Every structure is written in C-alpha cells, then in structure tokens.
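Asks: Can you read through this structure? Questions will come right after.
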Amino acid sequence: MTSGARLSGAAAMAARAAEPLLRRVRPDVGPALAGRIGGAEALAAWGRRREPGPLVWLHGASAGELLGAAPAIRALRARGADDSGRRAHLLVTHASPSGRAALPWLEADHAGFPPLDLRRDCDAALAALRPGLIVFAKLDVWPGLVAAAARAGVPAALINGTVRDGSRRSGRVVRRLFRASYAGLAAVGAASPEDARRLVALGVRASCLGVTGDAACDLALERADRARADGSVDRFRAVLGESGAGRLRLVAGSTWPADERALLDGVAAARRAGGPDWQLVIAPHEPTAAHVAELIAACEARGERAARWSRLGEGAGVPDGAVVVFDQVGRLAELYAAGDVAWVGGGLGGTGLHNVLEPAAAGLPVLFGPRHDRADARALEEAGGGLRCPGGALGGTLAGLADPSAREHHGRAARTFVEARAGAATRTADLLAPLWPV
1015 MTSGARLSGA AAMAARAAEP LLRRVRPDVG PALAGRIGGA EALAAWGRRR EPGPLVWLHG
1075 ASAGELLGAA PAIRALRARG ADDSGRRAHL LVTHASPSGR AALPWLEADH AGFPPLDLRR
1135 DCDAALAALR PGLIVFAKLD VWPGLVAAAA RAGVPAALIN GTVRDGSRRS GRVVRRLFRA
1195 SYAGLAAVGA ASPEDARRLV ALGVRASCLG VTGDAACDLA LERADRARAD GSVDRFRAVL
1255 GESGAGRLRL VAGSTWPADE RALLDGVAAA RRAGGPDWQL VIAPHEPTAA HVAELIAACE
1315 ARGERAARWS RLGEGAGVPD GAVVVFDQVG RLAELYAAGD VAWVGGGLGG TGLHNVLEPA
1375 AAGLPVLFGP RHDRADARAL EEAGGGLRCP GGALGGTLAG LADPSAREHH GRAARTFVEA
1435 RAGAATRTAD LLAPLWPV
C-alpha cells in the first residue's frame, strides 16, 4: 500500500469515528460523510444487480468538476456504443451532495457517494462493480481507490487536470506522500501546459500525460447555445422583463455574503451616478432557505425590495427596482444567457472564485473579485473578456459598462476566449480510448 493510501485511510478511519459529532456540529459536512460511510455497501449493492456489460466509473468532488467532465465522458461512451446504440454503463460518484446537479448532463446509470478511502471499502466496491475504467475529474484523486484499482487491474485516469498555483498538494511533504498515487494513473489529461508541468511534479508519468484542455469549455458553449435555442432565455426574460438601453441586467452567480454586500453597494452607487437602471439578479452558491431569507432581509434593511425567484410567475413581472434572489440550482448557465453583464462570486473572500467560463460562453463581460488563484480567470482577463473588480469599485465598473460598445467589446472577447479552447472533449476521449473497456 502506498504512503498516500495509508494516510488517506487513517483520515477516513478518524472521520468515521467522528461522524456522530460532525453530524451535530457541522450539518454542512455530516450528510456527505454519512453517505461515504455507507458508500461501499450502496455501490456494491448496485453492482451486484446491474446488467452485464462494460462500466466506466467517474468521480468528481462536486457539480463543477463533474459538469466539466460530462462532454468528454459522453464522447467516450459514444465510441463504445454497440450496433443497437447502447453505450457502456456509467457510474458517477461525488464527494459533495451538490454533485447531484450535474447528473442530468451525464446520463448516469447510477450515482451516489464514493466509499471511504479504506482498503476494505474500496476493494469491496470494485469487486462488486467490476468497472473497466475509473476516471477522476479535475484533481479529486483518492489514493486508496487508485491503489485498489491497481490491485484489481483496473486502469485509473485523470481528466481536465488542474493544479492551482499554491495548491496544498504541491508542498514538498505532500508530494512525497502522494507521489506513488499520481504515478499509478494510466492516463492524465491536463487543462494547460502549466497544469501539465505541475502534474509531473506531483508524480504523474510524462509518458501518460497529454495537454487536452478543459472540457468545461465545451459544456459552457453547449449550455449557452442550447439556452438560446430551446427557449430558456426567453422564459427567463418573460419573468425578469426585457433589458435594453434604459435597463440593464447584472446576473451574479455563485455568490457568497462578501459578494452580495459588494453587489448591493455597487448597484446602488451605479444608480446614484445616473445612466441606465440596473436590475440585480443574485444566485447564491448555497441557496439554502436560511441564506435566502438572510439575503432578502439584508436587501430590505437597505430599503431595497427583493423578490424570490421561486415565487415569481411568468407575466407577474418583477417589481421595479427589486433585487431578484435566484433560489434554484442547476440553471445558472442558462440564467447568465439572459443577462447583460455577469458577476462571478468567490473572489472577494476565502471561498475561491467559481466558474467564469459559463458567463463568458454566454458572451457577457465577466466581473469578479481580485482574490483568486484561477488561471482561466487570469487568462480571460488578459483576453479582454474578464474584468477584475475590487468590491468597492463595482459601481464605477458598471458605469463604464453602461456604454453598449464597451459591453459588446468585452462580451465578444469573452465568447471568443471560450471558443478558442473548445474541442477538449474529443482530445480527452482520444487520450482515454486506449484504456476503453469495450
């Protein structure tokens, strides 16, 4: 067993012992941990009753990682379809409950939590599932599962591989502990040449590595184009109202409290400065009932009206000047396409900047805070499609984007940026094809 697998297994044992306490004091962590504790048994039960045939097991931390993997996995499964069009089975596991939001784009045969990273649990799951290939998305590689796959003779791969600058996995001690786990991967698709360099430093064998790009670009384009083609944008606008020269719409996605405070201040400042009226639509990263209620109360405390999306109906309209709190999940990419400007949350605090590709694919100027480590956001900014914006400067930035030519310039640059990076799904499928179990 590798050192990384031993360490990960010890952490899993400690987490199992602490589960009753965590369930009480960390309700955000408890359900996922409980799911993992029962993960091996649940996966084995499905594996024993599934129909015979090849199986691909895809794992990602949460919805973002799984969504980015979806185009490549669809392309790979299409190559293995038989004469009747039936594809290999797909199992999807996710470490966070939010991963369920990605399932409609993956067409999985089964989904759930992965097993704890213990030798016993991983071996039991693999014995019952009998997968032909395990694919990790982004960087959520579990040493115990990689070691179990090696014992079972199952190749493991990593796609859309990304190692952020300053990642804890890049530290000297952590690299030594987990080097054998990364060396055990049979194929790795890196999102960029810089990611490829960092992955080699982690232990990935150069002979197994290719720079495929990030298939999240393919999905972002697909979702933006489908939203316009299938009427989703029209349905959003039917509720939110039209926007134009005198009324512009700022769609803020995956926000946290620091973002929301800056947004309310910035829109208020832009309104005081004159120019077009700004309709603010806020889609929190965690639209729990408690957070939505707190956000609405914060709006009302400022003298702002607020409307909850789930209580609006087509034709009812949004009260003039009201902030719209979008309290649904899984539709943010489509919502962006109904906006004029986008704000992506997570860049004003320690939570981490979220997906900038979705609003860029929709052809919107993409605003975000300065505190982030995302290479794609830096590249988007350099291309002219992204605008780094400290919270206190948002009002001035919006005033500048009141100019139609400025919005068109930044929006076109954002869309071009994503289009130039499309095609990763096909390149990733090419990388995985030699491991294909069919």
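So the sequence shown is numbered by the working numbering: it starts at 1015 and just counts up by one.
Here a beta-carbon is modelled for each residue, glycine too, at the ideal position from N, C-alpha and C.
It should be emphasised that the depicted structure is a prediction, and the values quoted were computed from it without experimental measurement.
Rounding to the nearest angstrom, what Cα-Cα distance links residue 1123 and residue 1041 in this structure?
Replies: Within the sequence shown, residue 1123 is the residue found at index 109, counting from 1. Within the sequence shown, residue 1041 is the residue found at index 27, counting from 1. About 29 Å.
Asks: Quick one: residues in its chain with C-beta nearer than 6 Å to the C-beta of residue 1230, no 5 flanking neighbours on either side, listed in chain order?
Replies: Stepping through the sequence shown from its first residue, residue 1230 is reached at position 216. Cβ neighbours of residue 1230 beyond the five flanking positions: 1082 and 1371.
Asks: Using 8 Å for Cβ pairs, my map puts residue 1241 next to residue 1347. What's the rounded Cβ distance?
Replies: Locating residue 1241 in the sequence shown gives position 227, counting from the first residue. Locating residue 1347 in the sequence shown gives position 333, counting from the first residue. So it is a contact: roughly 7 Å between Cβ atoms.
Asks: Ends of the beta strand (DSSP E) at residue 1302?
Replies: Within the sequence shown, residue 1302 is the residue found at index 288, counting from 1. Run containing residue 1302: none; DSSP gives neither H nor E here.
Asks: In three-state terms, what does DSSP make of residue 1176?
Replies: Locating residue 1176 in the sequence shown gives position 162, counting from the first residue. DSSP places residue 1176 in coil when its eight states are reduced to three.
Asks: CA-CA distance, residue 1421 and residue 1415?
Replies: Indexing the sequence shown from 1 puts residue 1421 at position 407. Indexing the sequence shown from 1 puts residue 1415 at position 401. In a straight line, the C-alpha of residue 1421 is about 6 Å away from that of residue 1415.
Asks: I'd like the list of long-range same chain contacts for residue 1058, defined as Cβ closer than 6 Å, with 5 residues on each side in sequence excluded.
Replies: For the purposes of this step, residue 1058 is taken as the residue at position 44 of the sequence shown. So the list reads 1138, 1139 and 1142, once near-sequence residues are dropped.
Asks: Can you tell me the Cα-Cα spacing of residue 1431 and residue 1021, whole angstroms?
Replies: Within the sequence shown, residue 1431 is the residue found at index 417, counting from 1. Within the sequence shown, residue 1021 is the residue found at index 7, counting from 1. Approximately 40 Å between the Cα atoms of the pair.
Asks: Determine the closest residue to residue 1159 out of 1190, 1188 and 1074, with distance taken between C-alpha atoms.
Replies: Sequence index remark: in the sequence shown, residue 1159 carries index 145 (1-based). For the residues 1190, 1188 and 1074, the minimum Cα distance to residue 1159 belongs to 1074.
Asks: In terms of residues, what are the limits of the alpha helix (DSSP H) holding residue 1060?
Replies: The sequence position of residue 1060 within the sequence shown is 46, counting from 1. First-last of the alpha helix (DSSP H) with residue 1060: 1053-1063.
Asks: Three or more beta-carbon pairs under 8 Å between the stretch 1185-1205 and the stretch 1221-1228, yes or no?
Replies: yes
Asks: Quick one: is residue 1206 buried, meaning 16 or more other Cβ sit within 10 Å of its Cβ, or exposed?
Replies: Indexing the sequence shown from 1 puts residue 1206 at position 192. So residue 1206 counts as buried.
Asks: Provide the residue span of the beta strand (DSSP E) that contains residue 1268, from first to last.
Replies: The residue labelled residue 1268 in the question sits at position 254 within the sequence shown. For residue 1268, the enclosing beta strand (DSSP E) covers residues 1261-1269.
Asks: Is it the case that the Cβ atoms of residue 1294 and residue 1253 are separated by a distance below 8 Å?
Replies: Within the sequence shown, residue 1294 is the residue found at index 280, counting from 1. Within the sequence shown, residue 1253 is the residue found at index 239, counting from 1. It is not a contact, given that the beta carbons lie outside the stated cut-off.
Asks: Among 1353, 1307, 1303 and 1341, which residue has its Cα nearest to the Cα of residue 1375?
Replies: Mapped onto the sequence shown, residue 1375 falls at position 361. The shortest Cα separation from residue 1375 among 1353, 1307, 1303 and 1341 belongs to 1353.
Asks: Between residue 1359 and residue 1324, what straight-line distance do the alpha-carbon atoms span, to the nearest angstrom?
Replies: Here residue 1359 is taken as the residue at index 345 of the sequence shown, counted from 1. Here residue 1324 is taken as the residue at index 310 of the sequence shown, counted from 1. When rounded, the distance between both Cα atoms is 21 Å.
Asks: Are residue 1386 and residue 1268 touching if we call contact CB-CB under 8 Å?
Replies: Position 372 of the sequence shown, counted from the first residue, corresponds to residue 1386. Position 254 of the sequence shown, counted from the first residue, corresponds to residue 1268. No. Outside cutoff.
Asks: Report the residue ranges of all beta strand (DSSP E) runs contained in full by the stretch 1328-1355; include only those spanning at least 3 residues, in chain order.
Replies: 1337-1339
Asks: I need the straight-line Cα distance from residue 1249 to residue 1256, nearest angstrom please.
Replies: Your numbering for residue 1249 matches position 235 in the sequence shown. Your numbering for residue 1256 matches position 242 in the sequence shown. Cα to Cα, residue 1249 sits roughly 11 Å from residue 1256.
Asks: Residue 1024: buried (16+ other C-beta within 10 angstroms of its C-beta) or exposed?
Replies: On the sequence shown, position 10 is the one that residue 1024 refers to. Answer is exposed; the Cβ neighbour count stays below 16.
Asks: Taking its Cβ as the centre, do 16 or more other Cβ atoms sit within 10 Å of residue 1379, making it buried, or is it exposed?
Replies: Position 365 of the sequence shown, counting from 1, holds the residue named residue 1379. Residue 1379 is buried by the Cβ-count criterion.
Asks: Where do the N-terminal and C-terminal ends of the alpha helix (DSSP H) with residue 1440 fall, by residue?
Replies: Within the sequence shown, numbered from 1, the residue matching residue 1440 stands at position 426. Residue 1440 -> alpha helix (DSSP H) spans 1438-1446.
Asks: Can you give me the C-alpha to C-alpha distance between residue 1322 and residue 1341, rounded to a whole angstrom?
Replies: For the purposes of this step, residue 1322 is identified with residue 308 of the sequence shown, where counting begins at 1. For the purposes of this step, residue 1341 is identified with residue 327 of the sequence shown, where counting begins at 1. Residue 1322 and residue 1341: Cα-Cα distance of roughly 7 Å.
Asks: How long is the line joining the alpha carbons of residue 1410 and residue 1287, rounded to whole angstroms?
Replies: As a working mapping, residue 1410 is identified with position 396 in the sequence shown. As a working mapping, residue 1287 is identified with position 273 in the sequence shown. Rounded to whole angstroms, residue 1410 to residue 1287 spans 9 Å at the Cα level.
Asks: Answer yes or no: the CB of residue 1158 versus the heavy atoms of the ligand FAD, is any distance below 7 Å?
Replies: The ligand FAD is absent from the structure shown, which contains no ligands of any kind.
Asks: Beta-carbon separation of residue 1048 and residue 1033 under 8 Å?
Replies: The count along the sequence shown starts at 1 and reaches residue 1048 at position 34. The count along the sequence shown starts at 1 and reaches residue 1033 at position 19. Yes, Cβ-Cβ distance for residue 1048 and residue 1033 is below 8 Å.
Asks: Taking the Cβ atom as the reference point for each residue, do residue 1108 and residue 1064 lie within a distance shorter than 8 Å?
Replies: On the sequence shown, position 94 is the one that residue 1108 refers to. On the sequence shown, position 50 is the one that residue 1064 refers to. No, Cβ-Cβ distance for residue 1108 and residue 1064 is not below 8 Å.
Asks: Considering only the alpha carbon of each residue, which of 1314, 1425, 1235 and 1070 lies closest to residue 1144?
Replies: By one-based count along the sequence shown, residue 1144 stands at place 130. Ranking 1314, 1425, 1235 and 1070 by Cα distance to residue 1144 puts 1070 first.
Asks: Give the DSSP bridge partners of residue 1087, in chain order.
Replies: As a working note, residue 1087 is residue 73 in the sequence shown. Within the DSSP secondary-structure output, residue 1087 pairs in no beta bridge.
Asks: Assign residue 1399 to buried or exposed, taking buried as 16 or more other Cβ atoms, counted over all protein chains shown, within 10 Å of its Cβ.
Replies: Position 385 of the sequence shown holds residue 1399. Classification of residue 1399: buried, given that the 10 Å Cβ count is 16 or more.
Asks: Within the chosen definition, does the stretch 1307-1321 reach the stretch 1276-1286 through at least 3 CB pairs nearer than 8 Å?
Replies: yes
Asks: How about residue 1413 and residue 1265: are their beta carbons less than 8 Å apart?
Replies: Residue mapping note: residue 1413 aligns to position 399 of the sequence shown, counting from 1. Residue mapping note: residue 1265 aligns to position 251 of the sequence shown, counting from 1. Result no, Cβ atoms of residue 1413 and residue 1265 do not sit closer than 8 Å.
Asks: With a Cβ-Cβ cutoff of 8 Å, do residue 1130 and residue 1185 count as a contact?
Replies: Counting from one through the sequence shown, the residue named residue 1130 turns up at place 116. Counting from one through the sequence shown, the residue named residue 1185 turns up at place 171. No, the Cβ-Cβ distance between residue 1130 and residue 1185 is not below 8 Å.
Asks: For my contact list, residue 1106 and residue 1080 are in at a C-beta cut-off of 8 Å; report their separation, rounded to the angstrom.
Replies: Numbered from its first residue, the sequence shown carries residue 1106 at position 92. Numbered from its first residue, the sequence shown carries residue 1080 at position 66. Confirmed, about 7 Å.
Asks: When the distance is taken between beta carbons, is residue 1433 closer than 8 Å to residue 1235?
Replies: One-based indexing of the sequence shown puts residue 1235 at position 221. One-based indexing of the sequence shown puts residue 1433 at position 419. Yes, the pair counts as a contact, with Cβ atoms nearer than the cut-off.
Asks: With a 10 Å radius around its C-beta and 16 neighbouring C-beta atoms as the bar for buried, classify residue 1417 as buried or exposed.
Replies: Translated into positions along the sequence shown, residue 1417 becomes position 403. Residue 1417 is exposed by the Cβ-count criterion.
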